[in-house]
Structures are given as C-alpha cells and as structure tokens.
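Data first, discussion second: the structure below is written as structure tokens.
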Amino acid sequence: MPRSSNALLVARIGKPHGLRGEVTVQTHTDDPEARYVPGTVFDTEAQPGTGVPRTLTVSTARLHRQIWLLGFAEIPDRTGAESLRGTQLFLDPDEADEVESDEDDGFYEHDLVGLAVQDPSGAVLGEVTGLVLGAVQDLLEVRLTNRRDVLVPFVEAIVTEIDIEAGHVVVDAPAGLFDLDEA
C-alpha cells in the first residue's frame with residue numbers, strides 16, 4: 327500500500343550496526359522514544375531495485391552514544407540491514423500516536439518545505455527545503471534565490487513569522503547570515 331502524501335517522515339536509515347540487522351537512523355522526529363516503540367510499523371521509501379520491504383516493523387530500539395539504533399522484524403542480519411541504507415521511514419499522521427504538548431507552535435517538516443522565505447519587508451529570499459532537528463535547536467534548510475543552500479536557526483528571534491496558509495515564513499536575518507553578495 328503506497329504511503330499517503332501527508333505521511334510524516336520519522337527517520338532516514340544510515341549504516342548497519344553489528345551483525346544482527348540493527349541500523350543507525352537519522353532522526354526526523356522530536357520524540358523518538360514515542361516513535362521507535364517495538365511493534366511500530368513504518369511505511370518505507372527506498373531506491374528502486376533495493377528489495378526493501380514496503381513496511382518495516384520495529385523489533386528493537388535503543389540509544390547508543392547519542393545515535394538511535396533500530397532493529398526490524400523483517401531484517402534478520404547485517405546483509406539485510408546493508409540494503410536499507412538511505413531508506414526513509416514514514417508514519418501516517420492518523421496512525422501516529424501523537425504526544426500531547428503544551429506547545430501549539432510545533433511544525434512538521436512537510437508543513438514547512440516549499441514555503442517562500444521572505445525578509446521583513448516582503449522581499450523573497452528563497453524557499454524552505456528542509457528541517458534539521460538538532461539537540462540544541464532546529465535549523466531550517468533554505469535554498470536562496472541565487473541557488474545557494476543555507477541553514478537558518480529556527481528560533482523566534484530570526485524566524486519571526488510562519489504562515490502556512492499564505493505560504494511563507496519571514497526571516498529577520500542578522501548581518502552576515504546569508505552573505506547575499508557572495509556567489
């Protein structure tokens with residue numbers, strides 16, 4: 327069953343770890359403990375011809391040296407784990423067990439990607455291409471109009487407005503953040 331277009335990207339699989347089929351994952355969720363629960367079934371998106379199953383069921387999840395390691399019921403060994411490199415893991419938002427939060431201003435990556443990035447005067451600077459979740463702060467990936475990619479700290483002092491319906495974010499960039507004169 328193909329994943330829905332509004333599916334939530336939860337992780338991207340990295341390299342194998344050990345001999346029993348565990349893999350490292352680049353986390354794309356702010357609550358990995360709630361998402362990586364054994365029994366959780368993820369929809370997958372992988373390169374054609376890799377033989378990656380359409381779904382993967384979490385069998386083990388643990389944090390090792392600040393990196394999440396996941397094992398899947400369908401992947402018994404390192405050889406199988408090797409084929410998973412680069413695979414993206416998704417959850418349907420209707421099936422995701424959302425954690426209640428006092429924060430009403432949270433956004434998913436798919437909410438932000440494609441939004442125009444404007445300065446406070448309304449001039450278009452570029453477009454949001456991604457969201458990098460960090461331990462200290464998150465970063466917006468932005469492709470500027472000159473085709474350069476930059477990372478913008480996703481903090482209220484810099485990203486002053488987010489209007490999903492209007493299709494833009496306002497970035498009040500401190501001097502030097504974009505260095506627009508550079509090629």
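Heads up, the sequence shown is in my numbering, so the first residue is 327 and it goes up one at a time.
Where is the CB? At the ideal position from N, CA and C, for every residue including glycine.
- The C-beta separation of residue 355 from residue 369 comes to about 14 Å, leaving the pair out of contact by the 8 Å criterion.
- In the structure shown, the three-state DSSP call for residue 353 is strand.
- DSSP lists no bridge partner for residue 336.
- Residue nearest to residue 342 within the set 367, 396 and 434 is 396 (criterion: CA-CA distance).
- For residue 366, the number of other beta carbons within 10 angstroms of its own is at least 16, and it is reported as buried.
- When the alpha-carbon of residue 383 is set against those of 377, 361 and 376, the nearest one is in 361.
- Look at residue 371 here: in three-state DSSP terms it is strand.
- With respect to the 8 Å criterion, residue 378 and residue 451 are not classified as neighbours on the basis of their beta carbons.
- One Cα belongs to residue 443, the other to residue 437, and the distance between them is close to 14 Å.
- Here DSSP, grouped into helix, strand and coil, assigns residue 457 to strand.
- With fewer than 16 other beta carbons inside 10 angstroms of its own, residue 471 counts as exposed.
- Residue ranges of uninterrupted beta strand (DSSP E) with 3 or more members, entirely inside the stretch 451-495 and ordered along the chain, are 465-470, 475-479 and 485-489.
- Per DSSP, the unbroken alpha helix (DSSP H) holding residue 404 starts and ends at 404-408.
- In the three-state reduction of the DSSP assignment, residue 342 falls in the strand class.
- Your pair residue 458 and residue 467 checks out as a contact, with CB atoms roughly 6 Å apart and the cut at 8 Å.
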